[in-house]
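Chains as they are written, first to last, in this note's numbering: chain L, 1 to 188; chain W, 1 to 184.
Glycine is no exception: its CB is placed at the ideal position from the N, C-alpha and C atoms.
Each remark here refers to the structure printed beneath this line.
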Amino acid sequence: VTEDEAAILASARAGDREAFRTIVERHSQGVFRVAFRLTRTEQDAEDVVQETFLKAYTELGRFEGRAALGTWLHRIAANCAIDLMRRRSLKRVHDAAEAEPIVMRLPTPTPGPDRQTEGREMRHHIDAALADLTPLERAAFTLRHLEERTIDEICATLGQTPTATRHSIFRAVAKMRRVLAPLVRVHS
Amino acid sequence: MTHIAEERLVAYALDDAAPEDRAAIEAHLRQCVACRDARDELHRVLAAAASIEVPARGSDYGAQVWARLAPHLPAWRHPRRRFEVPRWLANPAGAGSLIWAAAAVLLIAVSAFVIGRWSASVTSYVMLLIPLVTVVLGAQLDNEVVTPAYFIGGPLVLAGVYLGAFGMPRWSPVRMRGRESETA
């Protein structure tokens with residue numbers, strides 16, 4: 001926690017709403033990124049952002065400053081997203097993801113129609129592969145591979161042992177490999 | 001030639017393999033075409049999984065979130081003060097350890113004396129207490145917080161073990177009722 005962050009945190013803990021507003025404004029983008037990567041729909045990600053900051057506001061007194069404030073908020077966001085995923089059936093999440101366009105990183109700035117179709121197909125398969133993961137597997141995989149968190153940080157976020165976390169990541173990758181390997185072989 | 005297990009290859013691809021395992025995997029990859037192909041395929045799968053872009057949010061996104069959030073924030077309440085062991089007592093290098101050790105010995109002695117009056121086997125109770133005391137000392141040495149819940153929970157566990165394993169004490173209402181029905 002930096003000096004500036006510590007001062008804002010102290011004010012927010014003392015009930016200063018403007019200080020908490022600064023925290024929200026600084027960390028919203030990062031929290032949204034984590035939430036979207038886990039939920040895969042913008043609407044769900046927005047709900048998770050809202051829920052994360054509400055929880056953070058009521059639990060600010062419990063934040064011990066051992067990790068960076070951003071890490072703590074991302075941890076809350078990941079848990080809110082996991083709860084949301086658990087509440088919903090995977091099918092419904094998958095349908096929502098299909099209905100909402102997700103932008104793919106494509107190698108050329110103006111891809112041709114074939115390339116766009118390929119991109120859409122691949123996106124569909126990635127969504128299907130992700131939908132097949134349990135919330136814990138998806139969270140562990142996303143936090144490790146996309147958010148580049150350490151195993152220890154993921155353990156703290158998910159409340160798992162390092163062995164269980166490694167197994168969750170492995171199971172996620174193995175499942176995704178089964179679905180995506182034939183496609184990336186063709187595309188390579 | 002034995003190929004690299006998938007679990008090890010995944011750990012390697014995600015940069016989670018231990019340094020010595022990493023070296024062994026790299027040595028194997030230099031010799032084994034099949035494992036090199038598997039690694040390349042895994043990298044492509046991981047790259048595909050990472051290819052979904054997060055929708056962009058404008059620079060005023062934080063302000064938008066705040067505008068939606070502010071009306072829902074509950075009234076501010078001061079957080080309750082947590083019980084904390086004083087720093088001088090928690091310091092494992094200083095007098096803290098001696099005081100905790102003395103308290104542990106005293107706890108064992110008092111417990112042995114009290115429960116010894118109810119049972120012929122004092123040793124068994126002392127043996128039960130040792131893990132609790134060890135955990136408290138271990139927590140202190142590791143600078144973990146020992147909460148009041150722990151101190152309440154410990155005796156409760158002991159009471160449960162006593163009642164479960166050795167029966168109700170003589171003054172227990174349950175036992176008294178049993179005696180009454182026997183007499184009747």
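Going by DSSP, what residue range makes up the alpha helix (DSSP H) through residue i?
i, result
"GLU59(L)", "42–59"
"ILE52(W)", "Unbroken run through ILE52(W): none, as it is neither H nor E."
"GLU3(L)", "3–13"
"ALA156(L)", "151–158"
"SER28(L)", "17–39"
"PHE141(L)", "135–141"
Do we get a CB-CB distance below 8 Å when we pair residue i with the residues of chain L?
i, result
"LEU29(W)", "no"
"VAL65(W)", "yes"
"HIS3(W)", "no"
"PRO55(W)", "yes"
"PRO19(W)", "no"
"TYR12(W)", "no"
"ALA49(W)", "yes"
"ARG36(W)", "no"
According to DSSP, is residue i part of a helix, a strand, or is it coil?
i, result
"ILE4(W)", "coil"
"TRP76(W)", "coil"
"ARG57(W)", "coil"
"THR190(L)", "The displayed coordinates of chain L run from 1 to 188. Any statement about residue 190(L) would go beyond what the structure contains."
"LEU132(W)", "helix"
Taking the C-alpha atoms as reference points, what is the distance between residue i and residue j?
i, j, result
"ARG66(L)", "GLY159(L)", "16 Å"
"ALA19(L)", "ASP4(L)", "11 Å"
"HIS145(L)", "LEU73(W)", "34 Å"
"PRO182(L)", "LEU136(L)", "25 Å"
"VAL157(W)", "ASP83(L)", "32 Å"
"ARG171(L)", "TRP66(W)", "38 Å"
"ARG13(L)", "LEU60(L)", "6 Å"
"GLU53(W)", "LEU130(L)", "15 Å"
Within its chain, find whatever has a CB closer than 6 Å to the CB of residue i; leave out the 5 residues flanking it on each side and keep chain order.
i, result
"ALA81(L)", "ALA35, LEU38, THR39 and VAL48"
"ARG75(L)", "THR157"
"ALA109(W)", "none"
Between which residues of its own chain and residue i is the CB-CB distance below 7 Å, once the five residues before and five after are set aside?
i, result
"CYS32(W)", "MET1 and HIS3"
With 8 Å set as the bound, which would you pick, yes or no: does the beta-carbon of residue i sit closer than that to a beta-carbon of chain W?
i, result
"GLU147(L)", "no"
"ALA7(L)", "no"
"PRO109(L)", "Residue placement at PRO109(L) is poorly supported in this model, since its pLDDT is 45, which falls under 50; the coordinates still yield a value, given next. No, PRO109(L) does not count as interfacial toward chain W."
"GLN190(L)", "The question about residue 190(L) has no answer, for chain L in this structure spans 1 to 188."
"ALA156(L)", "no"
"SER168(L)", "no"
"ARG66(L)", "no"
Report yes if the C-beta of residue i is less than 7 Å from at least one heavy atom of the ligand HEM; otherwise report no.
i, result
"ASP132(L)", "The ligand content of the structure shown is nil, which means the ligand HEM is not present either."
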